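Sequential numbering of the sequence shown, starting at 2, is according to the working numbering. We put the CB at the ideal spot given by N, CA and C, even for glycine. Small disclaimer: the values here were computed from a predicted structure and weren't measured. Data block below; observations after.
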Amino acid sequence: MEENRYFQDALARFTHEAANGGAIRHLTDIGYTVEQIMGRLDFPAPYEQVRQAVWKRLEDTGVVLREEPGAGKPKEKAAYVREYDKYGKSTFRRVAQKEDGPTVACWTEQTYDQADSGSTERFLALLDAKLDENGEEFSYISCDFGRIAALEPERYEKMLCALGGERAYVAGLPWEKRRSYHRLNSRMRKVLKRLILAGLYQGEVFFMKTGDRIRIMGEIS
Numbered sequence: 002m003e004e005n006r007y008f009q010d011a012l013a014r015f016t017h018e019a020a021n022g023g024a025i026r027h028l029t030d031i032g033y034t035v036e037q038i039m040g041r042l043d044f045p046a047p048y049e050q051v052r053q054a055v056w057k058r059l060e061d062t063g064v065v066l067r068e069e070p071g072a073g074k075p076k077e078k079a080a081y082v083r084e085y086d087k088y089g090k091s092t093f094r095r096v097a098q099k100e101d102g103p104t105v106a107c108w109t110e111q112t113y114d115q116a117d118s119g120s121t122e123r124f125l126a127l128l129d130a131k132l133d134e135n136g137e138e139f140s141y142i143s144c145d146f147g148r149i150a151a152l153e154p155e156r157y158e159k160m161l162c163a164l165g166g167e168r169a170y171v172a173g174l175p176w177e178k179r180r181s182y183h184r185l186n187s188r189m190r191k192v193l194k195r196l197i198l199a200g201l202y203q204g205e206v207f208f209m210k211t212g213d214r215i216r217i218m219g220e221i222s
């Protein structure tokens, strides 16, 4: 029974990879939400399976980090190699490639208090300037969506309501019940801005090239 279940699991993974793996990775890379990806697959797939595949792709490409940015731990980038057996049948093999990201020995720390509403626009302008200086690849925000969804569902729903058109992206990801870090790309810039303007974000923004670590604080009503 155990061997049969293992075989069935392996077969399901292989079938999923052959049918949809490449499409999911490509659509994730160009910024599609899970719902959008579901609607563009040539072969039907369970929603949860697609969510997990999207999350894995985000981790593999360094868009999502488990550890704090600048910790000096190498990130893993995945490549998929097509191979052929003696009968000419093709398969895909995942090859892990280690990439050393920039380390930050000492952060320059700043704090922004959301209670100081008069400085919000100046603060958002500062974030834009830092993002331009560092580039998306070296800019991250901390995300507690999974923990908040599990422990404070009303607060989580309030955050989603503030996101407008970006709600589908955040709600579609299988956030873990712990802090993670998302690259500050154009989509997450919109997410962060909307949450700050609504007074609903508490966390940190990291700019790795310049070594800036900005803590965003304030009461959430």
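Contacts around N135, its chain only, beta-carbon distance under 7 Å, and the 5 residues preceding and following it disregarded: Taking the sequence shown and counting its residues from 1, one reaches residue 135 at position 134. Sequence-distant partners of N135 (beyond 5 residues in either direction) whose C-beta falls short of 7 Å from its own C-beta, in its chain, are F208, M209, K210, T211.
Excluding sequence positions up to five away, which residues of its chain have a Cβ less than 6 Å from the Cβ of H27? On the sequence shown, residue 27 is found 26 positions in, with the first residue counted as 1. Counting only Cβ-Cβ distances below 6 Å, and skipping sequence neighbours, we find nothing.
Does A54 pass the burial test, meaning 16 or more other C-beta atoms within 10 Å, or should it be called exposed? Taking the first residue of the sequence shown as position 1, residue 54 is located at position 53. Under this definition A54 is a buried residue.
Can you tell me whether F146 is buried or exposed? The criterion is at least 16 other CB atoms within 10 Å of its CB, across all chains shown. Residue numbering aside, residue 146 sits at position 145 when the sequence shown is read from its first letter. Under this definition F146 is a buried residue.
Could you give the distance in angstroms between the alpha-carbon of L42 and the alpha-carbon of Y113? Sequence index remark: in the sequence shown, residue 42 carries index 41 (1-based). Sequence index remark: in the sequence shown, residue 113 carries index 112 (1-based). Roughly 43 Å between the two C-alpha positions.
Under 7 Å between the Cβ atoms of V64 and R188? Working through the sequence shown from its first residue, we reach residue 64 at position 63. Working through the sequence shown from its first residue, we reach residue 188 at position 187. With respect to the 7 Å criterion, V64 and R188 are not classified as neighbours on the basis of their beta carbons.
Just confirm the distance between the C-beta atoms of L66 and Y182, as a whole number of angstroms; I'd bet it's less than 8 Å. Here residue 66 refers to the residue found at position 65 of the sequence shown. Here residue 182 refers to the residue found at position 181 of the sequence shown. Right, the Cβ-Cβ distance comes to about 4 Å (below 8 Å), so this counts as a contact.
Hey, how far is the Cα of E155 from the Cα of L125? As a first step, residue 155 is located in the sequence shown; it is residue number 154 there, counting from the start. As a first step, residue 125 is located in the sequence shown; it is residue number 124 there, counting from the start. Straight-line Cα distance between these residues: approximately 26 Å.
P70 burial status per 10 Å Cβ neighbour count (16 or more: buried): For the purposes of this step, residue 70 is taken as the residue at position 69 of the sequence shown. So P70 ends up on the buried side.
Relative to the C-alpha of W176, which candidate in E205, A150, D117 has its C-alpha closest? On the sequence shown, residue 176 is found 175 positions in, with the first residue counted as 1. Ranking E205, A150, D117 by Cα distance to W176 puts A150 first.
Selected residue, minimal CA-CA separation from A199, among I217, V206, Y88, R52: Reading the sequence shown from its first residue, position 198 is the one you call residue 199. If we check each option's Cα against that of A199, I217 comes out closest.
Using DSSP's beta-bridge definition, name the partner residues of Q111. Numbered from 1 along the sequence shown, position 110 holds the residue referred to as residue 111. Q111 pairs with I215.
Alpha carbons only, please: which of L174, D213, R168 is nearest the one belonging to R195? As a first step, residue 195 must be located in the sequence shown, where it is residue number 194. R195 has its Cα closest to that of R168, out of L174, D213, R168.
Endpoints, alpha helix (DSSP H) assigned at F139: The sequence position of residue 139 within the sequence shown is 138, counting from 1. Here F139 belongs to no alpha helix (DSSP H), and DSSP marks it neither H nor E.
Which of the three DSSP states, helix, strand or coil, is assigned to E1? Residue 1 is absent from the model: the chain starts at 2 and stops at 222.
Checking the sheet assignment: what are the DSSP bridge partners for Y182? Here residue 182 refers to the residue found at position 181 when the sequence shown is read from its first residue. Partner(s): L66, S143.
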